[in-house]
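Visitor: Just dropping this structure here.
Below, the structure written as structure tokens:
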């Protein structure tokens, strides 16, 4: 994805993403309990040095339909990867330093109980290169996970690369490449 290239712009922002908004199995609704699992490779990623732009890059998000803000997203910023829920003002680094893993596959798991009251939850786990099992990185309970600002009855996942507020003029890295693999959505309602 290259900044300043109109082929990588949509809705007025630099992005190159895929989404499940037209796939019934990829949509989420109030009452659903879902596991989102995916692998990410930061290809030849220029890492952060003091004085560089501190803008973040979003490779994955759970988005409310209808032009709403995301419920959650994962963001590579500086040299960490954080889980964020902007409406709830939640933020936690789930990979403290990704520099040793550039050009290697990192696997993420986000379990969500989708609720329109404070009975929802997020659980974020990672499996880093060389690890055989997932490690729980952060849990948020008793939160409202389905919280669109505009009316909508569903949400969906997006993956690729979204670079909000970034530009060459701001000193952001002109080209970033992120690869995704093994993307799955699992229904955990019976567990």
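Numbering (the working numbering), first residue to last: 166 to 356.
All C-beta atoms in this analysis are idealised placements derived from N, C-alpha and C, irrespective of residue type, glycine included.
Assess contact between the segment 169-179 and the segment 301-312, defined as three or more Cβ pairs (one per stretch) separated by less than 8 Å. Is contact present?
Guide: With the cut-off at 8 Å, the segment 169-179 and the segment 301-312 do not touch.
Visitor: Would residue 253 and residue 346 be called neighbours here (beta carbons separated by less than 9 Å)?
Guide: Here residue 253 refers to the residue found at position 88 when the chain shown is read from its first residue. Here residue 346 refers to the residue found at position 181 when the chain shown is read from its first residue. Their beta carbons are not under 9 Å apart, which means residue 253 does not touch residue 346 by this criterion.
Visitor: With a cut-off of 8 Å on the beta carbons, I'd call residue 317 and residue 196 a contact; round off their distance for me.
Guide: The count along the chain shown starts at 1 and reaches residue 317 at position 152. The count along the chain shown starts at 1 and reaches residue 196 at position 31. About 15 Å; that fails the 8 Å criterion.
Visitor: Nearest-angstrom Cα distance between residue 202 and residue 233?
Guide: As a working mapping, residue 202 is identified with position 37 in the chain shown. As a working mapping, residue 233 is identified with position 68 in the chain shown. Residue 202 and residue 233: Cα-Cα distance of roughly 23 Å.
Visitor: In this structure, how does DSSP classify residue 245 when only helix, strand and coil are distinguished?
Guide: To locate residue 245, count along the chain shown from 1; it is residue 80. Residue 245 falls in the strand class under three-state DSSP.
Visitor: In chain order, which beta strand (DSSP E) runs of at least 3 residues are fully inside the segment 287-327?
Guide: Listed in chain order, they are 300-308 and 320-327.
Visitor: Along the chain, where does the beta strand (DSSP E) that runs through residue 272 open and close?
Guide: The residue labelled residue 272 in the question sits at position 107 within the chain shown. That run of the beta strand (DSSP E) goes 270-278.
Visitor: Any idea which residues DSSP pairs residue 179 with across the strands?
Guide: On the chain shown, residue 179 is found 14 positions in, with the first residue counted as 1. For residue 179, which the question treats as bridged, DSSP gives the partners 174.
Visitor: Find out if the Cβ-Cβ distance for the pair residue 287, residue 222 is shorter than 9 Å.
Guide: Here residue 287 refers to the residue found at position 122 of the chain shown. Here residue 222 refers to the residue found at position 57 of the chain shown. Cβ distance not < 9 Å, so residue 287 and residue 222 don't count as in contact.
Visitor: Where do the ends of the beta strand (DSSP E) carrying residue 190 lie?
Guide: Here the question's residue 190 lines up with position 25 in the chain shown. Unbroken run through residue 190: none, as it is neither H nor E.
Visitor: Examine the ligand NAD and report whether any of its heavy atoms sits within less than 8 Å of the Cβ of residue 268.
Guide: Annotation note on the ligand NAD: not contained in the displayed structure, which lists no ligands.
Visitor: Using DSSP bridges, identify the partner residues of residue 239.
Guide: Mapped onto the chain shown, residue 239 falls at position 74. Paired residue(s): 225 and 248.
Visitor: Starting from residue 203, trace the beta strand (DSSP E) in both directions and tell me its first and last residue.
Guide: As a first step, residue 203 must be located in the chain shown, where it is residue number 38. First-last of the beta strand (DSSP E) with residue 203: 198-208.
Visitor: Taking the straight line between their C-alpha atoms, what separation do you get for residue 243 and residue 219?
Guide: Locating residue 243 in the chain shown gives position 78, where the first residue counts as 1. Locating residue 219 in the chain shown gives position 54, where the first residue counts as 1. Answer to the nearest angstrom: the Cα atoms are 6 Å apart.
Visitor: Report the option in 351, 311 and 170 whose CA atom is closest to the CA atom of residue 282.
Guide: As a working note, residue 282 is residue 117 in the chain shown. For residue 282, the nearest C-alpha among the options comes from 311.
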